[in-house]
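**Q** Counting from 1, position 54 in the sequence shown corresponds to residue 62 in this note's numbering; the numbering is continuous, with no gaps.
Handing you this structure, nothing more for now.
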Amino acid sequence: MKFLLLLTLLFNAGTLMAYELRITETNKTLAQWDEYVANSAALTRQDKAVMTNPNTGEVISINTPNAAVAQNGLYFSPIVNRRTGELKITIGNPDTQDIPLIKTVAEALGGIVTGEEGELY
9 MKFLLLLTLL
19 FNAGTLMAYE
29 LRITETNKTL
39 AQWDEYVANS
49 AALTRQDKAV
59 MTNPNTGEVI
69 SINTPNAAVA
79 QNGLYFSPIV
89 NRRTGELKIT
99 IGNPDTQDIP
109 LIKTVAEALG
119 GIVTGEEGEL
129 Y
């Protein structure tokens, strides 16, 4: 239950509906993602997500292996497709002003940015 609450807090951040962008078609490995984050001025490795429940004040944390966070708190969560090996990075609930950063990360990885319905950014 705590995990579900934390995910809700991370990806909804006060909105009624969450939207997700994805960086796909990178042809990169998880190790290459880790190397990119380690050398990035814009992203910092974030292996644990910590949030405070606004109703109870309880601090909740979950492990987020290989995730990264931007200076504004935007989370980049890598997922590897076990069948194809493709690295996909999801970004939950970005604002319009976050799109240039997301596109910069995608370009550095040789990927593209798509929305939930397949639209290109």
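We put the beta carbon where it would ideally sit given N, CA and C, even for glycine.
Quick caveat: nothing in here was measured; it's all calculated off a predicted structure.
Round the Cβ separation of A26 and N101 to the nearest angstrom and send it over; I've been treating them as touching at under 8 Å.
**A** Indeed they touch by this definition, with Cβ atoms about 5 Å apart.
**Q** Under the DSSP definition of a beta bridge, which residues are partnered with Y83?
**A** V77
**Q** Report the three-state DSSP secondary structure of T1 (helix, strand or coil).
**A** Only positions 9 to 129 of the chain appear in this structure, which leaves residue 1 out of reach.
**Q** Would you kindly check if the distance between the Cβ of I68 and the Cβ of N74 is under 8 Å?
**A** no
**Q** Just to check my reading of the structure: W41 and P108 have Cβ atoms closer than 8 Å, yes? What is that Cβ distance to the nearest angstrom?
**A** At roughly 20 Å, the Cβ-Cβ gap does not stay under 8 Å, so W41 and P108 are not in contact.
**Q** Is I110 helix, strand or coil when you go by DSSP?
**A** helix
**Q** Could you tell me which of Y44, R91 and G126 sits nearest to F84, measuring between CA atoms?
**A** Y44
**Q** Quick one: is R30 buried, meaning 16 or more other Cβ sit within 10 Å of its Cβ, or exposed?
**A** So R30 ends up on the buried side.
**Q** Which same chain residues end up closer than 6 Å to S48 when comparing Cβ atoms and leaving out the 5 residues on each side of it in sequence?
**A** none
**Q** What residue range does the alpha helix (DSSP H) around L38 cover?
**A** Counting along the chain, the alpha helix (DSSP H) containing L38 begins and ends at L38 to A46.
**Q** When burial is assigned at 16 or more other CB atoms within 10 Å of the CB, is G119 buried or exposed?
**A** Result: buried.
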